[in-house]
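Since the structure comes first, as structure tokens, the remarks are kept for the end.
Residue numbers (my numbering): 17 to 255.
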């Protein structure tokens, strides 16, 4: 596992004052105080979210979790647009490969990769390093002449790089699970072992990654303070 001085160190590990504020008072006293507070006062002092619209959202999720979520949200519209409207209509070959919808679909995989690099590392340094490489990869997707093989290799490499911090932090079992899913997905995508159903099977396989990614994000030391805050807020709201 990495140390605090390593490249993967969680440089944004929270030193929230919220936990200290909760420790200073009796829980019953805090619950009574929160009941008379506004939404903003409750959040500012204790980090708690009191919302009737989202009753189970007791506090903001950790930044690594939000990063992973943002990556998938940003990519989904472009992937859906390409597969739903264009992929089955365009003829195989250059017409499909060079279409703008496919370019955006592939380019935003690099956006996911960038977000995942922070979700698995908790390090802004690692995030910025991956962001710079992914930015170059995105640029190459919009060149007049598309290089499908090179782009596919770049996508594979950057996805792998984004998940490498899981191994660095010593979570070998989780890393093996992620690796198996990625290998199966790559095999389905590249080899088409079951014909036209292979691409659908690829999406089914790759859909198993987000839950594992959330586990990796929540296991980071930079996520613990916010998870602890959420747990305390949940207890206080039940009092």
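Note that CB positions come from ideal geometry on N, CA and C, so glycine has one too.
Contact belief for residue i with residue j at Cβ below 8 Å, rounded distance in angstroms
{"i": "residue 228", "j": "residue 173", "result": "Not a contact, Cβ separation roughly 19 Å."}
{"i": "residue 125", "j": "residue 171", "result": "5 Å"}
Option in the options with minimal Cα separation from residue i
{"i": "residue 139", "options": "196, 155, 125, 83", "result": "83"}
{"i": "residue 219", "options": "199, 151, 236", "result": "199"}
{"i": "residue 180", "options": "130, 164, 208", "result": "130"}
{"i": "residue 114", "options": "206, 95, 146, 157", "result": "157"}
{"i": "residue 187", "options": "235, 175, 106", "result": "235"}
{"i": "residue 146", "options": "121, 176, 95, 243", "result": "176"}
{"i": "residue 93", "options": "121, 192, 161, 68", "result": "121"}
Beta-carbon proximity of residue i to residue j, cut-off 8 Å
{"i": "residue 238", "j": "residue 76", "result": "no"}
{"i": "residue 136", "j": "residue 178", "result": "yes"}
{"i": "residue 127", "j": "residue 87", "result": "yes"}
{"i": "residue 98", "j": "residue 117", "result": "yes"}
{"i": "residue 250", "j": "residue 104", "result": "no"}
{"i": "residue 231", "j": "residue 190", "result": "yes"}
{"i": "residue 207", "j": "residue 221", "result": "no"}
{"i": "residue 143", "j": "residue 134", "result": "yes"}
Rounded straight-line distance, which links the Cα of residue j to that of residue i
{"i": "residue 233", "j": "residue 119", "result": "29 Å"}
{"i": "residue 159", "j": "residue 185", "result": "37 Å"}
{"i": "residue 30", "j": "residue 111", "result": "In this prediction, residue 30 scores a pLDDT of 42, lower than 50, which makes its location untrustworthy; no coordinate-derived value is stated."}
{"i": "residue 151", "j": "residue 66", "result": "39 Å"}
{"i": "residue 132", "j": "residue 223", "result": "15 Å"}
{"i": "residue 216", "j": "residue 209", "result": "12 Å"}
{"i": "residue 254", "j": "residue 241", "result": "20 Å"}
{"i": "residue 247", "j": "residue 225", "result": "26 Å"}
{"i": "residue 153", "j": "residue 90", "result": "17 Å"}
{"i": "residue 102", "j": "residue 63", "result": "45 Å"}
{"i": "residue 211", "j": "residue 123", "result": "25 Å"}
{"i": "residue 163", "j": "residue 70", "result": "46 Å"}
{"i": "residue 68", "j": "residue 81", "result": "23 Å"}
{"i": "residue 213", "j": "residue 169", "result": "22 Å"}
{"i": "residue 167", "j": "residue 107", "result": "20 Å"}
{"i": "residue 85", "j": "residue 95", "result": "15 Å"}
{"i": "residue 109", "j": "residue 165", "result": "13 Å"}
{"i": "residue 243", "j": "residue 252", "result": "14 Å"}
{"i": "residue 21", "j": "residue 192", "result": "Interpretation of residue 21 is limited by its pLDDT of 41, a score under 50 that renders its predicted location unreliable; no figure is taken from the coordinates."}
DSSP-derived helix/strand/coil call for residue i
{"i": "residue 176", "result": "helix"}
{"i": "residue 163", "result": "coil"}
{"i": "residue 211", "result": "helix"}
{"i": "residue 186", "result": "coil"}
{"i": "residue 97", "result": "helix"}
{"i": "residue 64", "result": "coil"}
{"i": "residue 105", "result": "coil"}
Closer than 7 Å: residue i CB and nearest the ligand FMN heavy atom
{"i": "residue 63", "result": "Absent from the structure shown: the ligand FMN. Ligands present: none."}
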